[in-house]
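Q: This is the structure, below, for whatever I ask next.
There are 2 protein chains.
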Amino acid sequence: MSDIKTIGKARSAAIEPGKGTRTPAPAVRPAGSGEADRRLIEAIELLFFGYRDFVSEPDTILGAYEFGRAHHRVVHFVGRNPGMTVAELLDILRITKQSLARVLRQLIERGFIEQKTGETDRRQRRLYLTGAGAELWDRLAVPQKERVRKALAAAGPHGEAAWRDIMLALIDEEHRPDVEQIINREP
Amino acid sequence: MSDIKTIGKARSAAIEPGKGTRTPAPAVRPAGSGEADRRLIEAIELLFFGYRDFVSEPDTILGAYEFGRAHHRVVHFVGRNPGMTVAELLDILRITKQSLARVLRQLIERGFIEQKTGETDRRQRRLYLTGAGAELWDRLAVPQKERVRKALAAAGPHGEAAWRDIMLALIDEEHRPDVEQIINREP
DNA sequence: AAAAATATGTCAACATGGCTGACATAAATT
DNA sequence: AATTTATGTCAGCCATGTTGACATATTTTT
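Following this line, the structure appears as structure tokens:
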């Protein structure tokens, strides 16, 4: 961390002089032009491009249903956590209940998700996929699984484990236990 | 791939019977409940959660500027590719020029990006970060670099290389050469 | 039993950032 | 001279996020 800060300061000083009338071309340098920094930028871009393509196929499929990415997320997590409460879903998605309400209503109206009053706590509306919901979930998951399967397979078991460790480490330390619990659910 | 298809069919058959009045709870199973499938779902969720947290800090910073994620992407790629053309930027972002026009106009008006007419082809408007633009780019990059640095460091050099390979393999084969060229740019 | 807290839903208004379609201009290419 | 290319722009639509206020049923606390 200290090296990043140092490099950042160095660049800042190098940039300021030129202010309003700076020569732009190769003169503009990002914070820290060292090799270590280059690798970090590369990783940042890999995350951008990887995620971009990772969601491209589901987006296309969703279009045919007149659904969006938001619907996909709801279907996925309800599929993975049958009977989850609205509050739990909000917690995972990190959106407001008003935002969720819209997509959830559409999914319920069109028969992809159903709600059941909680048995012990009757204030809860527990969420479940219907048959159609499970089918949609599948269809969306097929291209993503295939993409991930190919990518992981090429790296071997060690590489796969390292990839997981790194992805987990990208998550806020604070949320990591929650996420671990979610991803390590029964099939 | 064939195994996924097979598992998919099997689940489909197991789901249909219950149709409208299905018992939902643990009865709803995703396509393929095997161990291999579980790992794929885990990876899919790691990508979701990883990306979610990966963009959270920049989002907060951007809020102070009244900018959004779209502005970040433009600032980043212009910073990384000084003098890039609008067409090249559109190609990377995969959005329409009308969508880009909005954020680009705001960034230019507020002095974060400047345009220069192309020297050889005077139809082009080549894009550059101003000093303020480079500074913003830095500020947004700091938390992301730090996050990535920590995550990669914990895995060691082999793990880091494997992570990169897998991220690259997640990208459409068709676009992989372009992406490799972009991420392997000079500092 | 009454009061407070909780889980959920809803109405209304607004912002961002995608999209399509149509059209305009200047410069390069044919 | 005609066409293509790079870019810009106007207008309108849609999806999905936001805030704030308020309603209802149910559970928990006092």
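Chain order of the listed sequences is A and B.
My numbering applies: residue 351 is where the first sequence begins, and numbers increase by one.
My numbering applies: residue 351 is where the second sequence begins, and numbers increase by one.
Where a beta carbon is used, it is the ideal one built from N, C-alpha and C, also for glycine.
1. Can you list the residues of chain B that Asp403 of chain A reaches, using a CB-CB cut of under 8 Å?
2. Please report the straight-line C-alpha distance between Glu536 of chain A and Pro432 of chain A, rounded to a whole angstrom.
3. DSSP three-state call for Glu464 of chain A: helix, strand or coil?
4. Which residue's Cα is closest to the Cα of Ile463 of chain A: A:Thr470, A:Met434, A:Pro408, A:Asp387?
5. Just curious, the beta strand (DSSP E) that Arg552 of chain A is in, first and last residue?
6. I'd like the span of the beta strand (DSSP E) that includes Arg476 of chain A, first residue to last.
7. Is it buried or exposed for Thr373 of chain B, if we count other Cβ within 10 angstroms and need 16 for buried?
8. Tell me whether Asp488 of chain B is buried or exposed, calling it buried when 16 or more other Cβ atoms sit within 10 Å of its Cβ.
9. Using a Cβ-Cβ cut-off of less than 9 Å, give me the residues of the segment 389-400 of chain B that come near chain A, in sequence order.
10. Contact criterion: CB-CB distance below 8 Å. Does Ile533 of chain A meet it with respect to chain B?
11. Counting only the same chain and skipping the five closest in sequence on each side, list residues whose C-beta sits under 6 Å from that of Glu407 of chain A.
12. In chain order, what residues of the same chain lie with their CB nearer than 7 Å to the CB of Glu510 of chain B, ignoring the 5 residues before and after it?
13. So which residues of chain B does Asp515 of chain A contact, with C-beta pairs closer than 9 Å?
14. Using the C-alpha atoms, what's the distance from His426 of chain A back to Asp515 of chain A?
15. Please report the Cβ distance between Leu390 of chain A and Lys495 of chain B, rounded to the nearest whole angstrom; I am assuming they are in contact, meaning their Cβ atoms lie under 8 Å.
16. Check the Cβ of Lys447 of chain A against every Cβ in chain B and list those closer than 8 Å, keeping chain order.
17. Excluding the 5 residues flanking Phe404 of chain B on each side, which residues of the same chain have their C-beta closer than 6 Å to its C-beta?
18. Alpha carbon to alpha carbon, how far is Pro527 of chain A from Asn534 of chain A?
19. Below 8 Å on the Cβ atoms is my contact criterion, and I expect Trp513 of chain B with Ala512 of chain A to pass it. Report the Cβ-Cβ distance as a whole number of Å.
20. Considering only their Cβ atoms, is the gap separating Val428 of chain A from Leu479 of chain A smaller than 8 Å?
21. Measure the CB-CB distance between Tyr401 of chain B and Tyr401 of chain A and report whether it falls below 8 Å.
22. For a contact meaning CB atoms closer than 8 Å, what does Arg460 of chain A contact in chain B?
23. Below 6 Å CB to CB, which residues in the same chain sit around Ser352 of chain A once its five sequence neighbours on both sides are set aside?
24. Please report whether the beta-carbon of Arg472 of chain B lies at a distance below 8 Å from any beta-carbon of chain A.
A: In short, the structure shows the following:
1. Ordered by position in chain B, the residues that pass the 8 Å Cβ test against Asp403 of chain A are Leu520, Ile521, Asp522, His525.
2. Roughly 11 Å between the two C-alpha positions.
3. Three-state DSSP puts Glu464 of chain A in a strand.
4. Of the candidates A:Thr470, A:Met434, A:Pro408, A:Asp387, the one whose C-alpha sits nearest the C-alpha of Ile463 of chain A is A:Met434.
5. In this structure chain A extends from 351 to 537, so residue 552 of chain A is not present and cannot be described.
6. Its beta strand (DSSP E) spans residues 475-479.
7. Note on Thr373 of chain B: pLDDT 38, under 50, position unreliable in the model; the coordinate value appears next. Per the 10 Å Cβ criterion, exposed.
8. By the C-beta density criterion, Asp488 of chain B is buried, having at least 16 other C-beta atoms within 10 angstroms.
9. So the list reads Arg389, Leu390, Ile391, Glu392, Ala393, Ile394, Glu395, Leu396, Leu397, Phe398, Phe399, Gly400, given in the order they occur along the chain.
10. At least one C-beta of chain B is nearer than 8 Å to the C-beta of Ile533 of chain A.
11. The answer, listed in chain order, is Pro493.
12. Correct list, in chain order: Leu502.
13. Ordered by position in chain B, the residues that pass the 9 Å Cβ test against Asp515 of chain A are Ala501, Ala504, Ala505, Gly509, Trp513.
14. Cα to Cα, Asp515 of chain A sits roughly 22 Å from His426 of chain A.
15. That pair is a contact at about 4 Å.
16. Those do not exist, as Lys447 of chain A stays about 18 Å from chain B at its closest Cβ, beyond 8 Å.
17. For Phe404 of chain B, same chain residues with a beta-carbon under 6 Å away, outside a window of 5 residues either side, do not exist.
18. About 11 Å.
19. At roughly 6 Å, the Cβ-Cβ gap stays under 8 Å, so Trp513 of chain B and Ala512 of chain A are in contact.
20. With a cutoff of 8 Å on beta-carbon distance, Leu479 of chain A and Val428 of chain A are scored as near each other.
21. Yes; because the gap between Cβ atoms is below 8 Å, this pair is in contact.
22. Within 8 Å Cβ-Cβ: nothing; Arg460 of chain A doesn't reach chain B, min ~14 Å.
23. Unreliable placement is indicated for Ser352 of chain A, whose pLDDT of 27 sits below 50; the coordinate value is still reported in the next sentence. Nothing meets the Cβ criterion.
24. Proximity of Arg472 of chain B to chain A, defined by a Cβ-Cβ separation below 8 Å, is not satisfied.
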